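Residue numbers (the numbering used here): 155 to 385. Here the structure comes first, spelled out in structure tokens, and everything after it is commentary.
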Ligand SMILES: [Mg+2]
């Protein structure tokens, strides 16, 4: 009997990828970065590749939060041949000032939360940076839906470490059998929930192929509104 639903935040409820892209474009224009980089597309693609890799390293505990933050723009800039600490600082500042104002969600996020909140107790489990996550919860108006937000910055262990899930169970006072985890990131959300013995729903809107050697999740959905068929 499921009593609690645990949600990942970025790219599961909020459209972090879309908001990042839009904020990056605005920042690129504000700072006239076409004078320093060949094109926005190249800047964006390089950023994304580096970003995926630094988050992978953070999940594996190979780098700290501080290193993650320091690498975010320094690394893609270095790959694009620009070494400029002041510019990097400015890029960081202007990007986040735009990013944290944007409110694009994944389709049906609010409808599904409205549906679920009357039937289950809800929690967020996230590896995102503490200050950003609190600001997002407020900006998106998600606070009324969730009893708690458990962050790797607070507990000290990022997903897929099972301890962040165990901590969430403890805070919500439910057993692993009474919880289910929903997230877009297979290696963080699904593997982590599997390790903690929690059922999993993989939100896979872009139909990513599951690589060999990984245990299939309990459920896979491509649109959040499919949750009403499961829960
Ligand atoms: Mg995510």
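Backbone N, C-alpha and C fix where the C-beta goes; we use that ideal spot for every residue, glycine too. Predicted, not measured: the structure shown is a model, and the values here were computed from it.
Separation of residue j from residue i, as counted between CA atoms
{"i": "residue 375", "j": "residue 346", "result": "18 Å"}
{"i": "residue 368", "j": "residue 197", "result": "33 Å"}
{"i": "residue 172", "j": "residue 258", "result": "7 Å"}
{"i": "residue 234", "j": "residue 360", "result": "28 Å"}
{"i": "residue 214", "j": "residue 318", "result": "14 Å"}
{"i": "residue 372", "j": "residue 184", "result": "45 Å"}
{"i": "residue 385", "j": "residue 265", "result": "14 Å"}
{"i": "residue 414", "j": "residue 239", "result": "Since the displayed the chain opens at 155 and closes at 385, residue 414 lies outside it and no answer follows."}
{"i": "residue 226", "j": "residue 320", "result": "29 Å"}
{"i": "residue 370", "j": "residue 362", "result": "13 Å"}
{"i": "residue 297", "j": "residue 291", "result": "6 Å"}
{"i": "residue 205", "j": "residue 231", "result": "12 Å"}
{"i": "residue 327", "j": "residue 273", "result": "17 Å"}
{"i": "residue 379", "j": "residue 263", "result": "8 Å"}
{"i": "residue 223", "j": "residue 217", "result": "10 Å"}
Element boundaries [alpha helix (DSSP H), containing residue i]
{"i": "residue 219", "result": "219 to 233"}
{"i": "residue 202", "result": "194 to 213"}
{"i": "residue 365", "result": "Taken as a continuous stretch (DSSP letters only), residue 365 belongs to no alpha helix (DSSP H), as it is neither H nor E."}
DSSP bridge partner residues for residue i (one or two, in chain order)
{"i": "residue 164", "result": "168"}
{"i": "residue 334", "result": "159, 353"}
{"i": "residue 279", "result": "304"}
{"i": "residue 375", "result": "357"}
{"i": "residue 259", "result": "168"}
Own chain, CB closer than 6 Å to residue i, minus 5 neighbours either side, in chain order
{"i": "residue 338", "result": "165, 166, 357"}
{"i": "residue 229", "result": "204"}
Cβ shell of residue i (< 8 Å), same chain only, five flanking positions each side left out
{"i": "residue 236", "result": "190, 191"}
{"i": "residue 341", "result": "210, 213, 314"}
{"i": "residue 381", "result": "266, 269, 270, 336, 355, 375"}
{"i": "residue 352", "result": "160, 319, 323, 330, 333, 334, 335"}
{"i": "residue 312", "result": "212, 213, 215, 281, 306, 318, 342"}
Cutoff 7 Å; reference residue i; Cβ partners in own chain excluding five residues on either side
{"i": "residue 349", "result": "314, 316"}
{"i": "residue 162", "result": "279, 280, 336, 337, 338, 339, 343"}
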